[in-house]
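Trainee: Heads up: the sequence shown begins at 1 in full-length UniProt numbering, then just goes up one per residue. Let me begin by handing over the structure; questions about it come next.
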Amino acid sequence: SKKMSSGAADLRQRKKQNCTESNKMAPEERNKENSKLGRWPKYMLIQRFAKLFFGCLAAVTSGMMYAVYLSTYHERKFWFSSRQELEREITFQGDSAIYYSFYKELLKAPTFERGVHELTHNNKTVSLKTINAVQQMTLYPELIASVLYQAAGSEEIIEPVYFYIGIVFGLQGIYVTALFVTSWVMSGTWLAGKLTVAWFIINRTDTTRIDYSIPSRENWALPYFACQVAALTGYLKKNLNCSAEKFCYLLVNASTFTFMMMWEYSHYLLFVQAVSLFLLDNFALAQTEKVHEVYKIYLFSLFLGYLLQFENSALLVSPLLSLVAALMISKCLQMNMKKGTFMSRLLKIMYIYLVLTITVTLNFLLKMFVPHKENEHLVKFIEVKLGLNTNKNFTMNWLLCQESLQAPSQDFFLRLTQSSLLPFYILVLIICLFSVTQVVFRRICGEPLKETVKLEDGGIGERPEIVYHVIHTILLGCLAMCLEGMKYLWTPYVCMLAAFGVCSPELWMTLFKWFRLKAVHPILLALILSMAVPTIIGFSLWKEFFPRIMTELSELQEFYDPDTVELMTWIKRQAPVAAVFAGSPQLMGVIKLCTGWMVSSLPLYNDDDLLKRNENIYQIYSKRSAEDIYKILTSYKANFLIIEDSICNEVGPVRGCRVKDLLDIANGHVVCEEGDSYAYSKYGRFCHEVKMNYSPYVNYFTRVYWNRSYFVYRINTVISFQS
């Protein structure tokens, strides 16, 4: 270990001097370098410039084409340009409707400052509740979009909804461009970038949720994370010139902070990244100084995010802060310990255990002393998922039934295999893992890392940026195997790593070196395969999937919901302005957006009070008395109740995961006989009984509107018990 530490120290010292070597170079050496440059004709510089220019052009073009593709597909799916404003707004469902409704409110405000004040002291959205919507719902994307819309003077040029979704589609273009650049930086050829983009678009069902929820926070945030990963990839490279290193460092700074401001769960993803960097540094496969600079960026972003997010305590108790603080403390302990002593060697051996212990202890202490409520539902969900907690209420059972929070289905792996992505990813991952294992073993034996890795060396595992991506995709893959919703974080980097691998001569050379290939020159064969394999993959993907994509864009789909349009029209025309509506959280989000009326609940799951409200109001689909339902609704000052036929008569594919089944379980209305379960209560199901118009239901509720999908009841303020 002494040899290993001294070798790492030598490497760090050499790297630290890289940026100053050119300034301190002796005149004779400088003249020698200049003569070398002069000896080669200008075609070398022209070749490099042409490669960079066409690569950047291909990256930007790929991003722009993807943004145009999304816009065209969205238009074909919803017929957006031919819809009225109300019909357009109905396409925003659930939490998406809430985010867009606040964007509308900001544009309607007399001044931007007034709009922000109304959002931070919002008492017009949820009854009996004043919320800081900017903090609770992470509305920084809407703040930025409204500022840009008003500053650009776009009122007469483009409608607000087109401007809003245009920004999101533009960010998706940046997302694709960042993935392109990452694979290009890793492989050295922009052919890898084109293949990354092709796989990303073909597997769009599993790489992005842009089709289902345009305004969701992850669609705003993940493009910035992709930019951060691209910059970090360049920053970790060996022999990087000073200008490029500074540019990458600044880009990592800016993108990390922006990512943290855009998504409330960003610090969890950054925690996974920090673990990857910790393992990379612990195996002495990267410059320690660079890794610790990234840790400082995390601290800076957490501190600034805490201040700008209204002193968000969730950032203080985040595992990211505890891990980074533990790493800093462990580094100080190592530096202050005299080298060569028994304690210093013991610390070296126990380093991982030390960091883990300090991280857990710090996180426990922070949670003890820092008051926090944010994201507690996540902790409870993880406990139930791992079997550490058996207390399953309605909310927890409902979360466990969500498809995105279950293990991925076989269809997911089948889709990745049909596009040839999964087989090539596994091949690249295995080769890289074996190579990294070899390098780690040599480092343990005291062999120093090579300062430059040549193609003929076949040492793909000696490149720190490659090792980082291998660890990162494995960690994200483990999460994706537990929760299907995590596939949207993992699959894009699967596309990138697989494309890098098949286009990288170094990877093929590493493979040939293991087999000791002598029949054909291995370098020549590696170069040929790094061009031939991706070309063959590209042509096969083009032949099989391009016609499908063009068909998808040419087909005119129809999304029309006349019942919801009629309901929203009735509310705007007939309901009092001060009315409060109660119903399913998803419908309440649409009502808030389309009408502006106050609601009793919202489709948000990061607040305990809102979760409790959702559970209580969902009781309208349970087997409880009219009096119980009346008391619940009046406790939230609700004036109107909306029953959805689709929930009341739901025939779900999984018995036990329907809303009414979950309510029966939570309320103890389930009787088990001979292995079968039956719902039993002395009261009928409320949503059915209230439609019958008999006492006591008509005493509490009066039907005022109905269509095929919705039944609206006025909640009586004066109760008559005459039958």
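Note that CB positions come from ideal geometry on N, CA and C, so glycine has one too.
So within the region 271-346, which uninterrupted alpha helix (DSSP H) runs reach at least 4 residues, ignoring any that extend past its ends?
Mentor: 288-308, 313-316, 319-336
Trainee: Give the DSSP bridge partners of TYR710, in chain order.
Mentor: GLU644
Trainee: Over what stretch of residues does the alpha helix (DSSP H) that includes VAL126 continue unbroken?
Mentor: Element bounds for VAL126: n/a, residue is neither H nor E.
Trainee: Are the CB atoms of GLY173 and ALA58 within a distance shorter than 8 angstroms?
Mentor: no
Trainee: Three Cβ pairs or more, each shorter than 8 angstroms: is that satisfied between the region 135-152 and the region 98-117?
Mentor: yes
Trainee: Does the beta-carbon distance from PHE412 to ALA498 come in below 8 angstroms?
Mentor: no
Trainee: So, for LEU483: in the same chain, excluding its five sequence neighbours on each side, which residues have a beta-carbon less than 6 angstroms away from its beta-carbon?
Mentor: LEU405
Trainee: Pairs of beta-carbons, one from the region 69-84 and one from the region 577-591, closer than 8 angstroms: are there three or more?
Mentor: no
Trainee: Mapping DSSP to helix, strand and coil, what is GLU29?
Mentor: Confidence at GLU29 is low in this model, with a pLDDT of 45, below 50, so the placement of that residue should be treated as unreliable; the coordinate-derived value is given next. Note: GLU29 maps to helix in three-state DSSP.
Trainee: Using 10 angstroms around the beta-carbon of ASN296, count the other beta-carbons present and answer buried if the total reaches 16, otherwise exposed.
Mentor: Residue identity check: residue 296 is Lys in the sequence provided, not Asn. Exposed.
Trainee: Straight-line CA distance for SER554 to ARG76?
Mentor: The C-alpha of ARG76 is placed about 8 angstroms away from the C-alpha of SER554.
Trainee: Residues in its own chain within less than 6 angstroms of VAL272 by CB, not counting five upstream and five downstream?
Mentor: LEU475
Trainee: At the level of alpha carbons, what is the spacing between ASP281 and GLU465?
Mentor: 12 angstroms
Trainee: Is the beta carbon of LYS194 closer than 8 angstroms to that of TYR235?
Mentor: no
Trainee: Cβ atoms of HIS117 and SER276: under 8 angstroms apart, would you say?
Mentor: no
Trainee: Which residues bound the alpha helix (DSSP H) around VAL577?
Mentor: Element bounds for VAL577: n/a, residue is neither H nor E.
Trainee: Is the beta carbon of ALA526 sitting closer than 8 angstroms to the one on MET481?
Mentor: no
Trainee: What is the DSSP secondary structure of SER22, reduced to helix, strand or coil?
Mentor: Bear in mind that the predicted position of SER22 carries a pLDDT of just 44, short of 50, making it unreliable; the figure below should be weighed with that in mind. Three-state DSSP puts SER22 in a helix.
Trainee: State the Cα-Cα distance for the pair THR177 and SER213, rounded to the nearest angstrom.
Mentor: 21 angstroms
Trainee: Classify ALA231 as buried or exposed, calling it buried when 16 or more other Cβ atoms lie within 10 Å of its own Cβ.
Mentor: Classified as buried, ALA231 has 16 or more neighbouring CB atoms from the shown chains inside 10 Å of its CB.
Trainee: Under the DSSP definition of a beta bridge, which residues are partnered with THR702?
Mentor: ARG714
Trainee: Kindly indicate which three-state DSSP category VAL651 falls into: helix, strand or coil?
Mentor: Of the three classes helix, strand and coil, the one that applies to VAL651 here is coil, per DSSP.
Trainee: Helix or strand or just coil, what does DSSP make of VAL670?
Mentor: strand
Trainee: Reducing DSSP to helix, strand and coil, say where GLY38 ends up.
Mentor: Only weak support is given to the placement of GLY38: the predicted model assigns it a pLDDT of 46, under 50, and the value that follows is read from those uncertain coordinates. Helix.
Trainee: Quick one: what's got a C-beta closer than 6 angstroms to ASN123's C-beta in the same chain, skipping five residues either side?
Mentor: Excluding the 5 residues flanking it on each side, ASN123 has same chain C-beta neighbours closer than 6 angstroms at THR130, in chain order.
Trainee: Roughly how many whole angstroms lie between the Cα atoms of VAL690 and ARG573?
Mentor: 24 angstroms
Trainee: Contact defined as beta carbons within less than 8 angstroms: I believe GLY593 pairs with PHE92. What is the distance between those atoms, to the nearest angstrom?
Mentor: According to the sequence displayed, residue 593 carries Leu and not Gly. Right, their Cβ atoms sit about 6 angstroms apart.
Trainee: So, at 6 angstroms on beta carbons, what are the nonlocal neighbours of ALA151 in its own chain, with the 5 sequence-adjacent residues on each side left out?
Mentor: Excluding sequence neighbours, ALA151 sits near nothing in its chain.
Trainee: Check whether the region 80-99 touches the region 203-210, taking contact to mean three or more Cβ pairs, one atom from each stretch, closer than 8 angstroms.
Mentor: Cβ pair count under 8 angstroms is below three, so no.
Trainee: Nearest-angstrom Cα distance between ARG204 and LYS487?
Mentor: 11 angstroms
Trainee: Would you mind reading off the limits of the alpha helix (DSSP H) that contains PHE225?
Mentor: Looking at the DSSP string, the run of the alpha helix (DSSP H) that includes PHE225 is 217-236.
Trainee: Using 10 angstroms around the beta-carbon of TYR560, count the other beta-carbons present and answer buried if the total reaches 16, otherwise exposed.
Mentor: Exposed is the call here.
Trainee: Taking the alpha helix (DSSP H) that LYS682 belongs to, which residues open and close that run?
Mentor: Unbroken run through LYS682: none, as it is neither H nor E.
Trainee: Taking only the alpha-carbon atoms, compute the straight-line gap between PHE283 and VAL440 and give it to the nearest angstrom.
Mentor: CA-to-CA, the gap between PHE283 and VAL440 works out to about 6 angstroms.
Trainee: Heavy atom of the ligand FMN less than 7 angstroms from the Cβ of SER154, yes or no?
Mentor: The ligand FMN is absent from the structure shown, which contains no ligands of any kind.
Trainee: Roughly how many whole angstroms lie between the Cα atoms of ASN31 and TRP542?
Mentor: Here the model assigns ASN31 a pLDDT of 48, short of 50, so the residue's position is not dependable, and the following value carries that caveat. Their Cα atoms are separated by approximately 51 angstroms.
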